[in-house]
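Take any residue in the sequence shown, count from 1 to its spot, add 337: that is its number in my numbering. The beta-carbon is built from N, C-alpha and C at its ideal position, and this holds for glycine as well.
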Amino acid sequence: MNNRVQFIEADGRRAFAVVPIDLWDQLSALAEELDDAALYRDAKAADDGVRIPGAVAFAIAAGTHPVKAWREYRGLTQDALIERVGISKPFLSQIETGKRRFGAATLRALADALGVTADDLL
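Set out below in structure tokens:
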């Protein structure tokens, strides 16, 4: 590599290095890979194991009730969900529109039916 690099000295010491562009591109790519690897290691170290699909997160951020966001993500109709949970369709509709709250038992049943934790629905 040194035979392709030109050094410029200042005060008797190497101060600058001039490298061919192809070598610069290679070194830049390697540096980026090292940065990516470090970011990946940091992300893995901070991983809490929680995963929420983007479609669900965006729907909730847009104002959709979490129950409805998860139901739609799972590809369930209201009828399919009420059959699994054992609640009425009007009750589910009121939950999904935020007009009615649900108790702990309904929360657990909804979470189980949707394959999520209760916290995911609050």
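Closest Cα partner of G452 within the set G440, P390, R350 = For G452, the nearest C-alpha among the options comes from P390.
Are there three or more Cβ pairs, one per stretch, closer than 8 angstroms when the segment 381-389 is compared with the segment 427-437?
-> No: fewer than three Cβ pairs fall under 8 angstroms.
So, is K381 buried or exposed, given that buried needs 16 or more other C-beta atoms within 10 angstroms?
-> Residue burial is scored here from C-beta neighbours: K381 has fewer than 16 other C-beta atoms within 10 angstroms and is therefore classed as exposed.
So what does DSSP say about F395, is it helix, strand or coil?
-> F395: helix per DSSP, three-state reduction.
Could you spell out where the beta strand (DSSP E) holding V355 opens and where it closes?
-> Residues 350-355.
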